[in-house]
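A quick write-up on the structure given underneath.
In full-length UniProt numbering, the protein residues as written are 1 to 597.
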């Protein structure tokens, strides 16, 4: 099983009410059957073309012989199956060859591919983001030149930000662009950690490269964005000669091994031909669309791997007999499955809380992306965009941190079998370990949240979050079981508000000191955010139980309700201690000196 089908139906049609999107003009030609059929197709393609080579791709990394990159052949077959099923253009207009699928449905489909084989899924994931950026900001001429081939799967795409000497400090990048006489540019520089940066699966690779035009201002205000293809593309879409883009080498990672991680050199000869996207010096603003999309996607990938870790551990715990309960004194009685031991159930419950909470959070964020584009009013669209902007740091980091913990717990549940390669948990852990770093570390996201996102647009996003949570707390107060859960979340919300007010004052008074504990604040905010996600799920579960569901449905909803209870009682418990340190402006980390290490 890649994911829990019943849970996905719950998340899409109860938690998010995705069916209500059919009332929007853009989706008038769809119906629930179309949504379900698309999910079924994704699940089938993922199971048939992605899952079978997940282990093989991990053990047979891409190789580079100095001229060509070689991948196991199953990777190309998976790419073709993904493209032929229409997923590369699924959320684009019918007129552009797309399926006009809602964003949240596309991302639900991507969860299946992530769960099946996250390394191979990296190629279409990046290509979808690159095409979205070109569609949003490039000229119509560039769109016509590149998008049809990208939608069809003939071209893939990448994002090229990081440089050997610069990681997240993009304002210091050194890649430069020189204007050419024909309106194009010549790009010179080197980029590294470029996922999908070279391979032979597609006819071409479209790199989206950040560079500074000669004479542009220093810092982030002088960064521009360029389309730089591996092979030049003529105006009619046909391929021209190889561009001056060279693979300097492959990097070898602990996870995602079947995704090429590359060092690319631009302009070793006369300069790589690049085409300016939008206006000069606005490249970073454009790239943030792809970066934020990728941040949600990284969170979704972490959630998918957490889910896989949970499902494998649950199956093992139900089938593996070992020991007897402490209350049993007869050594001749039959051993019990390890799921009968309370400590194993503790770990499974933690996994369930992290995996299902992460998945719900990421799909909720995807629904905000949808609302920001197709909401019924300008106000609703702007509200969705502001709320999404605030929450994106947590959407990226909470699943990445706690999804990894779910994978770690899976190894622990399997015991000695967990860290052997005969079981999938050790690979799931290694794959998931990359996600806390992908698309900005926790520290980068924390600085973004506390230093920028909270105060953006006069704090509108934060106000919307408090308003939404307040509405849920009011709803929960009338329910017997969720009423208590709501009270526990309300206490956490008060803690969050107090800490937020204190830290904003601290940052205003002393930015370096005030931001030194930003990562702890990010985690605190994330815990409250996911608490709200679990409260919403619990309210739906309690409502279903009150309506008198029967059979397996009782177990499903009771499991949701009990996991929410666990979350409120255990995962929110550390907030008060963390809050005391944050409100006091604890300076232990800030005051530590380099020479003392």
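For each residue, glycine too, the CB sits at the ideal point set by N, CA and C.
By how many angstroms is the C-alpha of residue 167 removed from the C-alpha of residue 72?
One C-alpha to the other measures close to 30 Å.
Looking only at its chain, what residues have a beta carbon closer than 7 Å to the beta carbon of residue 469, apart from the 5 residues adjacent to it on each side?
Result list for residue 469: 493, 532, in chain order.
Reduced DSSP category for residue 399 - H, G, I as helix; E, B as strand; rest coil:
In the three-state scheme derived from DSSP, where H, G and I count as helix and E and B as strand, residue 399 is classed as helix.
Contacts around residue 235, its chain only, beta-carbon distance under 7 Å, and the 5 residues preceding and following it disregarded:
Excluding residues within five positions, the ones whose Cβ falls inside 7 Å are 145.
Between which residues of its own chain and residue 475 is the CB-CB distance below 7 Å, once the five residues before and five after are set aside?
These residues qualify, in order along the chain: 539.
So, helix, strand or coil for residue 603, using DSSP?
Absent from the model: residue 603. The displayed extent of the chain is 1 to 597, so no value can be given.
What did DSSP end up calling residue 40 once you bin it into helix, strand or coil?
If DSSP states are grouped into helix, strand and coil, residue 40 belongs with the helices.
Here's the rule I'm using: 16 or more other beta-carbon atoms within 10 Å means buried, otherwise exposed. How should residue 584 be labelled?
So residue 584 counts as exposed.
Does DSSP classify residue 245 as helix, strand or coil?
Of the three classes helix, strand and coil, the one that applies to residue 245 here is strand, per DSSP.
Using three-state DSSP, classify residue 510 as helix, strand or coil.
Shown here, residue 510 sits in coil according to DSSP, grouped into three states, outside any helix or strand.
Could you tell me the alpha carbon to alpha carbon distance between residue 485 and residue 561, rounded to whole angstroms?
Straight through space, the alpha carbons of residue 561 and residue 485 are spaced by roughly 10 Å.
If we call anything under 8 Å between Cβ atoms a contact, is residue 58 one with residue 427?
Contact: yes.
Using alpha carbons as the reference points, say which of 2, 322, 37 lies closest to residue 46.
Closest by alpha carbon: 2.
Integer-rounded CB distance, given that residue 524 should sit under 8 Å from residue 499:
Correct: roughly 6 Å between the Cβ atoms.
Helix, strand or coil: how does DSSP classify residue 176 here?
Judged by DSSP in its simplified three-state form, residue 176 adopts strand.
Inter-residue Cα distance where the pair is residue 152 and residue 118
The straight-line gap from Cα to Cα measures roughly 21 Å.
Helix, strand or coil at residue 590 according to DSSP, with G and I counted as helix:
In this structure, residue 590 counts as helix in the three-state DSSP scheme.
What are the partner residues of residue 155, as DSSP defines its beta bridges?
Residue pairing for residue 155: DSSP places it in a beta bridge opposite 204.
Among 317, 331, 324, nearest to residue 348 - alpha-carbon criterion:
Nearest of 317, 331, 324 to residue 348, Cα basis: 317.
Straight-line CA distance for residue 265 to residue 408?
In a straight line, the C-alpha of residue 265 is about 37 Å away from that of residue 408.
Below 8 Å CB to CB, which residues in the same chain sit around residue 56 once its five sequence neighbours on both sides are set aside?
These residues qualify, in order along the chain: 72, 74.
I need the DSSP call for residue 421, collapsed to helix, strand or coil.
In this structure, DSSP gives residue 421 a state outside helix and strand, which the three-state scheme calls coil.
Could you tell me the boundaries of the beta strand (DSSP E) in which residue 190 lies?
Start and end: 185-195.
Taking just the CA atoms, how far does residue 62 sit from residue 257?
Cα-Cα distance, rounded: 8 Å.
Residue 262: first and last residue of the uninterrupted beta strand (DSSP E) it sits in
261-266 is the extent of the beta strand (DSSP E) around residue 262.
Considering only their Cβ atoms, is the gap separating residue 541 from residue 566 smaller than 8 Å?
No, Cβ-Cβ distance for residue 566 and residue 541 is not below 8 Å.
Let me check understanding here. Comparing Cα to Cα, which of 35, 176, 135 lies closest to residue 185?
Here the closest residue by C-alpha is 176.
Can you give me the Cβ contacts of residue 194 inside the same chain, cut-off strictly under 6 Å, excluding the 5 residues immediately before and after it?
The residues are 158, 160, 262, 264.
Where do the ends of the beta strand (DSSP E) carrying residue 624 lie?
Only positions 1 to 597 of the chain appear in this structure, which leaves residue 624 out of reach.
Do residue 518 and residue 473 have their CB atoms nearer than 8 Å?
No, the Cβ-Cβ distance between residue 518 and residue 473 is not below 8 Å.
Consider the Cβ of residue 500: report whether some Cβ of chain B lies at a distance smaller than 8 Å.
The chain labelled as chain B is not found in the depicted structure, where only one protein chain is given.
Could you check what DSSP says for residue 29 in three-state terms: helix, strand or coil?
Look at residue 29 here: in three-state DSSP terms it is coil, with no helix or strand label.
Inspect the CB distances between the segment 299-306 and the segment 234-251 and report whether three or more fall short of 8 Å.
Judged by Cβ distances under 8 Å, the segment 299-306 makes no contact with the segment 234-251, as fewer than three pairs qualify.
Could you tell me the distance, in whole angstroms, from the CA atom of residue 37 to the CA atom of residue 559?
About 27 Å.
At which residues does the beta strand (DSSP E) containing residue 582 begin and terminate?
Bounds of any beta strand (DSSP E) do not take in residue 582; it lies within the alpha helix (DSSP H) bounded by 575-583.
Using CA atoms only, rank isn't needed, just tell me which of 65, 254, 238 is closest to residue 199.
Taking only the C-alpha atoms, the option nearest residue 199 is 65.
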